[in-house]
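Report on the structure given below.
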Amino acid sequence: MVNKITVVGAGNVGATTAQRLAEKELARTVVMVDVMEGIPQGKGLDQWQSAPIEGFDSRIVGTNGYDETHDSDIIVITAGIARKPGMSRDDLLNTNAGIVKQVSEQIRETSPNAILIVVSNPLDVMSYVAMKVTGFPRERVLGMAGVLDTARYRSFLAEALDVSVRDIQAMVLGGHGDTMVPLISYTSVSGIPITQLMPLAKLNAIVERTRTGGAEIVKHLKTGSAYYAPSAAAVQMCEAIVRDQKRILPCAAWLEGEYGMSDLFLGVPCKLGRRGLKAIIEVELTREEQDALAKSADAVREPMAAVKL
Ligand code: APR
78 MVNKITVVGA GNVGATTAQR LAEKELARTV VMVDVMEGIP QGKGLDQWQS
128 APIEGFDSRI VGTNGYDETH DSDIIVITAG IARKPGMSRD DLLNTNAGIV
178 KQVSEQIRET SPNAILIVVS NPLDVMSYVA MKVTGFPRER VLGMAGVLDT
228 ARYRSFLAEA LDVSVRDIQA MVLGGHGDTM VPLISYTSVS GIPITQLMPL
278 AKLNAIVERT RTGGAEIVKH LKTGSAYYAP SAAAVQMCEA IVRDQKRILP
328 CAAWLEGEYG MSDLFLGVPC KLGRRGLKAI IEVELTREEQ DALAKSADAV
378 REPMAAVKL
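This is the structure we're talking about:
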């Protein structure tokens, strides 16, 4: 358990993240910050009152300012607007960049040693904004996307094969958008290569559904985007850090030559431990996967160049 984890944004993703963090007792105090007066306070109080029932000792506190967040060990940034039907994640670009910039300025002053996990979309670009504004080293700025995209992929595969989701090992790399790269060559069921268990056409259909998995949910919800799986994914990253698990999880990390690329956030296999990013694991990719990753990087660079800081 660490002393304090802050969640910025007390909306759907933020509030669910705070609840999961507290239920897992990953921090003594979980602070929720939001600009909406009363919302973080009310939600925080309500959540804390579930503690005697769920049996956790973490305290959840809601606030509109950054005093309570002082010296947080980890900060999960979920502030921003969410997608509506027909919107791409890039449509959120300038609104969310302004919000993430303002949040990052506060964090730089109040929690200069924190590890940041960015969830606000477009994820890869917002991670860049947070790193640039805080000036934190890349070890302490990570974006949450790959764990979520991989969870979607694993769920669809488990359903199609009628096996436990737990037995599907997989990795989705690249940007958090339609160009993401589910790695078929690293997908297995308890070690059995997926290509031995499923025809390629069916596998390709699942890969496609994974790429548009977020939009599928937005289409149902109409007024917002996914939050149960996104919050679970952010909390898995927090847990790997808090408990120094050295887990290998696909996260958006700032590349400095890995996979032949530099100066952008992209989803790659990361080893996470108590101080954040411990290492980026470079795996062999097929020619097709390399091309797809390069294309995905281009799709991240374009909005990155357009963002105003
Ligand atoms: N500081 C703190 N909170 C802010 C700020 C700010 N400057 N600006 C907006 N917020 C808050 C809003 O008041 C709102 O409560 O961020 C919250 C966002 O919550 P929702 O609208 O419910 O959106 P949510 O579904 O949680 O998604 C948040 O995560 O997955 C991404 O694409 C998604 O970018 C979106 C973000």
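Residue numbers in the sequence shown follow our numbering, run continuously in steps of one, and reach 386 at the last position.
Built from N, CA and C at the ideal position, the CB exists for glycine as well.
Predicted model, so just to flag it, every value in this text is computed and none were measured.
Item	Value
Pick from Ala376, Asn190, Asp340, Pro327 that is closest to Ile357, judged by C-alpha positions	Pro327
Integer Cβ distance of Ser373 from Thr227, believed to fall under 8 Å	About 15 Å; that fails the 8 Å criterion.
Thr94 beta carbon near ligand 1 (any heavy atom closer than 6 Å)	no
Identity of the residues DSSP links to Arg324 by a beta bridge	Leu349
As assigned by DSSP and simplified to three states, the class of Met203	helix
Residue range of the beta strand (DSSP E) that includes Met387	With the chain covering 78 to 386 only, the question about residue 387 has no answer from this structure.
Buried or exposed by the 16-neighbour rule on C-beta atoms within 10 Å, applied to Arg376	As written in the sequence, residue 376 is Ala, which differs from the Arg given in the question. When all chains shown are included, Ala376 counts as buried.
DSSP-derived helix/strand/coil call for Ile358	coil
Limits of the unbroken beta strand (DSSP E) element including Thr272	Unbroken run through Thr272: none, as it is neither H nor E.
C-beta contact flag for Val224 and Lys178 at 7 Å	no
DSSP beta-bridge partners of Ser339	Glu333
Chain C within 7 Å of Ala329, Cβ atoms only	The structure shown contains no chain C, having only a single protein chain.
Where Lys101 falls: helix, strand or coil (DSSP)	coil
Residues that Arg136 bridges to, as DSSP identifies them	Thr106
Backbone secondary structure at Ser197 - three-state DSSP	coil
Alpha helix (DSSP H) runs contained entirely in the stretch 223–266, provided each spans 4 or more residues	223–238
For Ile152 and Ser188, believed in contact at Cβ under 8 Å, the rounded distance	6 Å
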